[in-house]
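*Asks:* Before we start, here is the structure in question, set down as structure tokens.
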Amino acid sequence: MIEVVNLKKVYGKLTVLDNICETINEGEKVAVIGPSGSGKSTFLRCLNCLEDPTSGSIFFEGKDLADIRVDINLSRRHIGMVFQQFNLFNNKTVLQNVSLAPILVAKQNRRIALRKNIANGFFNLFRKKKAAKLPLQDKKAIKEEATKNAMRLLERIGLADKAGCYPSTLSGGQKQRIAIVRALAMNPKVMLFDEPTSALDPEMVGEVLDLIKQVADEGMTMVIVTHEMGFAREVADRVMFMDKGQIIEQGPPAELFGNPKHPRLVEFLSKVL
Amino acid sequence: MQQKWDVFYEKFITYDGWVTVVDGLKATLQIAVLGLLIGIVLGTLIAAVKVMPKTNIVTKIFSVICDIYVGFFRGTPIVVQLLIGYFVLFPALDVQIEAINAAIVIFGMNSGAYISEIMRSGIQSVDGGQLEAARAVGLSFSVSMIKVVIPQAIKNILPTLGNEFIVLIKETSVASFITVVDLTKAFKDIGSSNYEYIIPYLMLAAIYLVLVMIITLGVKLLERRLARVDRGR
Ligand SMILES: Nc1ncnc2c1ncn2[C@@H]1O[C@H](COP(=O)(O)OP(=O)(O)OP(=O)(O)O)[C@@H](O)[C@H]1O
Ligand SMILES: [Mg+2]
Chain A
1 MIEVVNLKKV YGKLTVLDNI CETINEGEKV AVIGPSGSGK STFLRCLNCL
51 EDPTSGSIFF EGKDLADIRV DINLSRRHIG MVFQQFNLFN NKTVLQNVSL
101 APILVAKQNR RIALRKNIAN GFFNLFRKKK AAKLPLQDKK AIKEEATKNA
151 MRLLERIGLA DKAGCYPSTL SGGQKQRIAI VRALAMNPKV MLFDEPTSAL
201 DPEMVGEVLD LIKQVADEGM TMVIVTHEMG FAREVADRVM FMDKGQIIEQ
251 GPPAELFGNP KHPRLVEFLS KVL
Chain B
274 MQQKWDVFYE KFITYDGWVT VVDGLKATLQ IAVLGLLIGI VLGTLIAAVK
324 VMPKTNIVTK IFSVICDIYV GFFRGTPIVV QLLIGYFVLF PALDVQIEAI
374 NAAIVIFGMN SGAYISEIMR SGIQSVDGGQ LEAARAVGLS FSVSMIKVVI
424 PQAIKNILPT LGNEFIVLIK ETSVASFITV VDLTKAFKDI GSSNYEYIIP
474 YLMLAAIYLV LVMIITLGVK LLERRLARVD RGR
């Protein structure tokens, strides 16, 4: 699903990611653990090129996202991302937060189809084999469909009654669950989570982890940076341990937690468990 | 004093001086309001260029052009800009333009330079996570800015923008340098018609004061409305 080849990220003189090669398979749930500053967030953010790799490639659906000729916006629509600080759009209601991108993207696709139809209409004058007209969705229907889908997602997390509220009125747990369905609204093929529960009050961690678990059980491919070892053990198929910009040990959770080999992993686990 | 008042009354009412004043007020408001709108559009564009990641040569060139633009308009007096624009630049480009429209364009370009700085600080005051989240769902840089970042930036800078409007409305009083009959010029003409300046000029000041007070009140109301949006319904 995602193939990382020789990924390198350097800030000034600091090498944050050191030649990482890794494959994330379809349906796999990968947890990334490691000490602070080891490059976990940077690794995750390189997967959708929110951080531009210094060198190397990220292959997603056969395209190299690190290549500037690839339209990154198209690929990002299939890669959901959830941030530690939620980052809900403050100027939009809860409902708009979830439906904004689907509406804008559908409208853009409509404009592209419209332009193609006009161009084809012209070129068809000279063609023997006429190009078919692309179907155009009604603008109103686009909005209605996206709104309906957004409401369905909000109902799923029990926050339909908050649809008209602004993010500043919500609790952290509510914000993060909305951030998760905002990503789901794009029907992503992969979801990236960067410490989704680290900014939450302890009593709200459970509701967010439950939702992530649900999404995982539906077969979503996931990469989760987390400090919740219990959660990693329960949900992940594979756990990666990062230190100093490298993935120095990885494996199924039972093995990695039960029988750690690398001394730095042993030390790390002794601190956090 | 009674006699001064009679002289003014005669000029203002009997000889229809008030008509010029109303026209002058219209011109002043036109220049200020349309100038502000042009300024906001230009300022937002310049600010967007300035905060864009400068990854390639094109964005760098745009950025330098914007720097020169802002440097010129902030570095020279508005009167000089009006004179150069109306008497040098427009004729040189063979543009036929009415004085008032020239004033609107030049005041707009001038305030665009100031608003770009205001807007830039407004954009920078919006948490970077907002842009990241918009980019992460696959929206382009410009769409993310227009739909998510700039609305929040404008809200943050609304008081400063109101201030800019006040500055602008007062600055329009030099528009007569390029033959525009604005509020100031109208009262000046009334005064010089009979060499009685006290009442016309005090009245002129009072009108500016009232205009500024109205704007201040408007901005306050708008701010309160936007704050309510933030708190919920
Ligand atoms: N924009 C930046 N400029 C310079 N250095 C940076 C930048 N972003 C991250 N770094 C550095 O890169 C290193 C790795 O950062 P990263 O955020 O990936 O770590 P992390 O493993 O996610 O840590 P944490 O658990 O604290 O979130 C750190 O040393 C950090 O200081
Ligand atoms: Mg991190």
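Line order of the protein sequences matches chains A and B. The working numbering puts the first residue of the first sequence at 1, with every later residue one more than the last. The working numbering puts the first residue of the second sequence at 274, with every later residue one more than the last. By construction, the Cβ of each residue, glycine as well, lies at the ideal position given by its N, Cα and C atoms. No experiment lies behind these values; they were computed from the predicted model shown.
(1) For residue 413 of chain B, go through chain A and note every residue whose CB falls closer than 8 angstroms to its CB, in chain order.
(2) Note down, in chain order, each residue of its chain lying with its Cβ closer than 6 angstroms to the Cβ of residue 280 of chain A, except the 5 sequence neighbours on either side.
(3) For residue 492 of chain B and residue 321 of chain B, I'd like the C-alpha separation in whole angstroms.
(4) Within 8 angstroms (strictly less), CB to CB, does residue 320 of chain B reach chain A?
(5) Hey, would you say residue 466 of chain B sits closer than 8 angstroms to residue 457 of chain B, going by beta carbons?
(6) Comparing the C-beta of residue 85 of chain A with each C-beta of chain B, is any distance below 8 angstroms?
(7) Please list the residues of the stretch 384 to 416 of chain B that have a C-beta atom closer than 8 angstroms to any C-beta atom in chain A, keeping them in chain order.
(8) Would you decide whether residue 403 of chain B is buried or exposed? Buried here means 16 or more other CB atoms lie within 10 Å of its CB.
(9) So for residue 296 of chain B, helix, strand or coil by DSSP?
(10) Which whole-angstrom value describes the C-beta separation of residue 181 of chain A and residue 209 of chain A, a residue pair presumed to lie in contact below a C-beta threshold of 8 angstroms?
(11) Assign residue 325 of chain B to one of three DSSP states: helix, strand, or coil.
(12) Heavy atom of ligand 2 less than 7 angstroms from the Cβ of residue 194 of chain A, yes or no?
(13) With a cut-off of 8 angstroms, do at least 3 Cβ pairs link the stretch 168 to 175 of chain A to the stretch 198 to 212 of chain A?
(14) Please write down, chain order preserved, every residue whose beta carbon lies under 5 angstroms from a heavy atom of ligand 1.
(15) Can you round the beta-carbon distance between residue 234 of chain B and residue 91 of chain A to whole angstroms, since I take them to be within the 8 angstroms contact cut?
(16) Measuring only the C-alpha atoms, how far is residue 470 of chain B from residue 477 of chain B?
(17) What are the boundary residues of the beta strand (DSSP E) that residue 243 of chain A is part of?
(18) Out of curiosity, what's the CA-to-CA distance linking residue 266 of chain A and residue 215 of chain A?
(19) Taking C-alpha atoms, which residue in B:380, B:331, B:316 and B:386 lies nearest to residue 345 of chain B?
(20) Going straight from the alpha carbon of residue 283 of chain B to that of residue 358 of chain B, what length do you get?
(21) Please classify residue 506 of chain B as buried or exposed, where buried requires at least 16 neighbouring CB atoms within 10 angstroms.
(22) Please list, in chain order, all residues of the same chain as residue 248 of chain A whose beta carbon is under 8 angstroms from its beta carbon, the five residues on each side excluded.
(23) Using the DSSP secondary-structure output, state which residues sit across from residue 11 of chain A in a beta bridge.
(24) Look at residue 373 of chain B and residue 453 of chain B and say whether their C-beta atoms are less than 8 angstroms apart.
(25) Considering residue 331 of chain B, what are the terminal residues of the alpha helix (DSSP H) in which it resides?
(26) Note down, in chain order, each residue of its chain lying with its Cβ closer than 7 angstroms to the Cβ of residue 195 of chain A, except the 5 sequence neighbours on either side.
(27) Are there three or more Cβ pairs, one per stretch, closer than 8 angstroms when the stretch 125 to 143 of chain A is compared with the stretch 64 to 73 of chain A?
(28) Who are the neighbours of residue 104 of chain A on chain B, taking C-beta pairs under 8 angstroms?
(29) What does the alpha-carbon distance come out to for the pair residue 485 of chain B and residue 162 of chain A?
(30) Alpha carbon to alpha carbon, how far is residue 230 of chain A from residue 121 of chain A?
(31) Scan the stretch 420 to 447 of chain B for residues whose Cβ lies nearer than 8 angstroms to a Cβ of chain A and list them as they occur along the chain.
(32) Between residue 506 of chain B and chain A, is the shortest Cβ-Cβ distance under 8 angstroms, so that the two count as touching?
(33) Which of helix, strand or coil does DSSP assign to residue 351 of chain B?
(34) Could you say which of A:197, A:145 and A:87 lies nearest to residue 105 of chain A if we only look at CA atoms?
(35) So with CB distances below 9 angstroms, who are the chain B contacts of residue 50 of chain A?
(36) Where does residue 87 of chain A fall in DSSP's three states?
*Replies:* Let me lay it out:
(1) Neighbours of residue 413 of chain B on chain A, chain order: 73.
(2) Look at the range of chain A in this structure, 1 to 273, and you will see that residue 280 of chain A is not part of it.
(3) Residue 492 of chain B and residue 321 of chain B have their C-alpha atoms some 24 angstroms from each other.
(4) So no, residue 320 of chain B is outside the interface.
(5) In terms of Cβ geometry, residue 466 of chain B and residue 457 of chain B do not form a close pair [threshold 8 angstroms].
(6) Judged by the 8 angstroms Cβ criterion, residue 85 of chain A is in contact with chain B.
(7) From the stretch 384 to 416 of chain B, only 400, 402, 403, 405, 406, 407, 408, 409, 410, 411, 412, 413 and 416 have a Cβ closer than 8 angstroms to chain A.
(8) Flag for residue 403 of chain B reads buried.
(9) Correct three-state label for residue 296 of chain B: helix.
(10) Contact doesn't hold; Cβ gap of about 15 angstroms is too wide.
(11) In this structure, residue 325 of chain B counts as coil in the three-state DSSP scheme.
(12) Distance from the C-beta of residue 194 of chain A to the nearest heavy atom of ligand 2 is below 7 angstroms.
(13) Taking 8 angstroms as the limit for Cβ pairs, the verdict is that the stretch 198 to 212 of chain A does touch the stretch 168 to 175 of chain A.
(14) That gives A:11, A:16, A:36, A:37, A:38, A:39, A:40, A:41 and A:42.
(15) Because chain B spans 274 through 506 in this model, residue 234 of chain B falls outside it and cannot be assessed.
(16) Looking at the two C-alpha atoms, the distance is approximately 10 angstroms.
(17) Looking at the DSSP string, the run of the beta strand (DSSP E) that includes residue 243 of chain A is 238 to 243.
(18) Whole-angstrom Cα-Cα distance: 31 angstroms.
(19) Per the Cα distances, B:386.
(20) When only Cα atoms are considered, residue 283 of chain B and residue 358 of chain B end up about 38 angstroms apart.
(21) Reliability fails at residue 506 of chain B, whose pLDDT of 44 lies under 50, so the model's placement of it is uncertain and no value is given.
(22) Counting only Cβ-Cβ distances below 8 angstroms, and skipping sequence neighbours, we find 241, 242, 262, 264 and 265.
(23) Residue 11 of chain A pairs with A:14.
(24) In contact: residue 373 of chain B and residue 453 of chain B (Cβ atoms closer than 8 angstroms).
(25) Unbroken alpha helix (DSSP H) run through residue 331 of chain B: 330 to 348.
(26) Excluding positions up to five away in sequence, the list reads 84, 225, 226 and 227.
(27) With a cut-off of 8 angstroms, the stretch 64 to 73 of chain A and the stretch 125 to 143 of chain A do not count as touching, because too few Cβ pairs lie within range.
(28) 412, 416 and 420, listed in chain order.
(29) The straight-line gap from Cα to Cα measures roughly 40 angstroms.
(30) A direct Cα-to-Cα measurement between residue 230 of chain A and residue 121 of chain A gives close to 60 angstroms.
(31) Taking 8 angstroms as the Cβ-Cβ cut-off against chain A, the residues of the stretch 420 to 447 of chain B that qualify are 420, 421, 424, 425 and 428.
(32) Low confidence applies to residue 506 of chain B: its pLDDT is 44, below 50, so where it sits in the model is not reliable, and the reading given next is rough at best. By the rule that beta-carbons nearer than 8 angstroms mark a contact, residue 506 of chain B touches chain A.
(33) Here residue 351 of chain B carries a helix assignment [DSSP, helix/strand/coil].
(34) It is A:145 whose Cα lies nearest to the Cα of residue 105 of chain A.
(35) Result: 405, 408 and 409.
(36) If DSSP states are grouped into helix, strand and coil, residue 87 of chain A belongs with coil.
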